[in-house]
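Written below as structure tokens is the structure these notes are about.
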Amino acid sequence: MPELPEVETVRAGLAGRVVGRRVATAEVLHPRAVRRQPGGAAELAARVAGRTVTAAVRRGKYLWLNLGEPGGPGEQDGPQEALVAHLGMSGQLLVQEPDGSRRHDADAAAFLAEVPRRDLTATLPPTLVRTVPLSTAHLRVRLVFDDGGQLWFVDQRTFGHVMVAGTVPTADGGPGGHGSAAPVLPVPVAHIARDLLDPVLDRAALVRRTRARRTEVKRALLDQTLVSGVGNIYADEALWRARLHGSRPTDRLAPARVRELLDAATDVMREALAVGGTSFDALYVDVEGAAGYFARSLNAYGREGLPCPRCGRPIRREQFMNRSSFSCPGCQRRVRA
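Shown next, in the form of structure tokens:
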């Protein structure tokens, strides 16, 4: 599932490509894509038609487009409705220009050569990092702008969804998310905590709440009501950098260790964001269909049996919450009960 860096990469692309454009029509091609929309496909189409995209906004893994209308509240005042997109496991938001063009890297190989990486990347499958061709085979929703451009929601596995929702004021009075100063956010996102790249985040309060959770530290990192945007990949990477095993109890961590972990998670997501996120298959791409390159910089996640870049011990894979968790048995030792 896309995590903060991947969703932010998409948001930034949308901000530069669809903000300011007016929706002429919307077409729903698969009912599951709008399963959470009250009123279904007809309701979604009616509520986006004639609306102008005023901002592309993200909080954690959630992404939305603020919708304006003539005579309605301005973006600064807080729009009353937004088009919310949750990408699920395989959702993509792709922009098609009126002439059918999209921007592609002129020389993907040259770009990859500039990305700092270790020789260990030679062990990665050849399909792990690549420029991904676009396809409409799994097109679920299409927005057509009045200038002829289009925004596609493509979702092979149909776990994602889009919906138009009303907005509510933020609990702390700050901006709803990255990409807009408006102090509102969509109702379906109201329970989602601020993320580690949010300048409004109270990090001291987050340290206190984390230690009060009385749970395993990896579970705390994945709790989107505590801190949003961190998923399985970046949790494993942050824990590796902080030399912590994911099973460590949060209430037994000193405040300084919690801060160190949060700083590690922040750093790893910033580094991933700088290269477009992590693409493990063709199902994560940006708005122009290009894959991210951070997979070449992973230290723990997905590296079972490969040597730890720090101590040389083989990385170990364990089962965790119905998923795989990767750690170094030398650098990240379990704490005995």
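Each residue of the sequence shown is one higher than the last, beginning at 3 in the working numbering.
Every residue gets a Cβ at the ideal spot worked out from N, C-alpha and C, and that includes glycine.
These figures come from a predicted structure and were not determined experimentally.
Since Ala-183 and Pro-177 are thought to touch, with beta carbons under 8 Å apart, how far apart are those beta carbons, to the nearest angstrom? The C-beta distance from Ala-183 to Pro-177 rounds to 5 Å, short enough to meet the 8 Å contact threshold.
Within a Cβ cutoff of 6 Å, which residues of the same chain sit near Val-143, ignoring the five residues on either side of it in sequence? Here the set comprises Val-30, Ala-35, Phe-155, Val-164.
Okay, do the stretch 14 to 32 and the stretch 247 to 260 touch, 3+ Cβ pairs below 8 Å being the bar? No contact exists between the stretch 14 to 32 and the stretch 247 to 260.
Does the structure place the stretch 65 to 79 close enough to the stretch 41 to 53 that three or more beta carbon pairs sit under 8 Å? Three or more Cβ pairs drawn from the stretch 41 to 53 and the stretch 65 to 79 lie within less than 8 Å of each other, which places the two stretches in contact.
Where does Thr-217 sit, in a helix, a strand or coil, going by DSSP? For Thr-217, the secondary structure class from DSSP, reduced to helix, strand or coil, is coil.
On the criterion of 16 or more Cβ atoms from any shown chain inside 10 Å, does Pro-128 qualify as buried, or is it exposed? Any reading at Pro-128 must be qualified, since the residue scores a pLDDT of 30, below 50, and its modelled position is unreliable; the value itself is stated next. Flag for Pro-128 reads exposed.
Considering only residues of the same chain and omitting the five flanking positions on each side of Trp-242, which have a CB-CB separation below 6 Å? Closer than 6 Å at the Cβ level, and outside the excluded window around Trp-242, lie Asn-301, Ala-302.
Length of the line joining the Cα atoms of Cys-330 and Arg-318: Using only the alpha carbons, I get a separation of about 6 Å.
Compute the distance between the beta-carbons of Ala-206 and Val-229, then report whether it is under 8 Å. Ala-206 places its beta carbon 8 Å or farther from that of Val-229.
Straight-line gap, Leu-208 to Gly-93 (C-alpha atoms, nearest Å): Using only the alpha carbons, I get a separation of about 30 Å.
Identity of the residues DSSP links to Pro-309 by a beta bridge: For Pro-309, the pairing in a beta bridge is given by DSSP as Pro-316.
Measuring only the C-alpha atoms, how far is Gly-314 from Leu-85? So the alpha carbons of these two residues sit roughly 47 Å apart.
Could you give the C-beta distance for Leu-16 and Leu-95, rounded to a whole number, given that I count them as a contact under 8 Å? Contact between Leu-16 and Leu-95 holds: CB atoms are separated by about 6 Å, below the 8 Å threshold.
Looking at the strands, I want to know which residues DSSP matches up with Phe-161. Residue pairing by DSSP places Phe-161 opposite no residue, since no beta bridge is assigned to it.
Contact under 8 Å by Cβ, Phe-322 with Glu-306: Against a cut-off of 8 Å, the Cβ pair of Glu-306 and Phe-322 comes out as no contact.
Put Tyr-303 into one of helix, strand or coil per three-state DSSP. Secondary structure of Tyr-303 (DSSP, three-state): coil.
In whole angstroms, what separates the C-alpha of Leu-246 from that of Gly-90? Annotation: Leu-246 to Gly-90 spans about 28 Å, alpha carbon to alpha carbon.
Val-270 versus Pro-251, Arg-37, Gly-231, Pro-201, residue with shortest Cα-Cα distance: Of Pro-251, Arg-37, Gly-231, Pro-201, the smallest CA-CA separation from Val-270 is found for Gly-231.
Cβ shell of Glu-320 (< 6 Å), same chain only, five flanking positions each side left out: Cβ-Cβ distances below 6 Å link Glu-320 to Ser-327 in the same chain, with the five nearest sequence neighbours on each side left out; the list follows chain order.
Three-state secondary structure (DSSP) at Leu-208? In the three-state reduction of the DSSP assignment, Leu-208 falls in the helix class, which pools H, G and I.
Can you give me the Cβ contacts of Glu-5 inside the same chain, cut-off strictly under 7 Å, excluding the 5 residues immediately before and after it? Excluding sequence neighbours, Glu-5 sits near Lys-63, Gly-231, Val-232, Gly-233, Ile-235, Tyr-236.
Among Cys-310, Arg-61, Thr-212, which one has its Cα closest to the Cα of Glu-262? Nearest to Glu-262 by C-alpha distance, out of Cys-310, Arg-61, Thr-212, is Thr-212.
Is the Cβ of Arg-216 closer than 8 Å to any Cβ of chain C? The chain inventory of the structure shown lacks chain C, comprising one protein chain alone.
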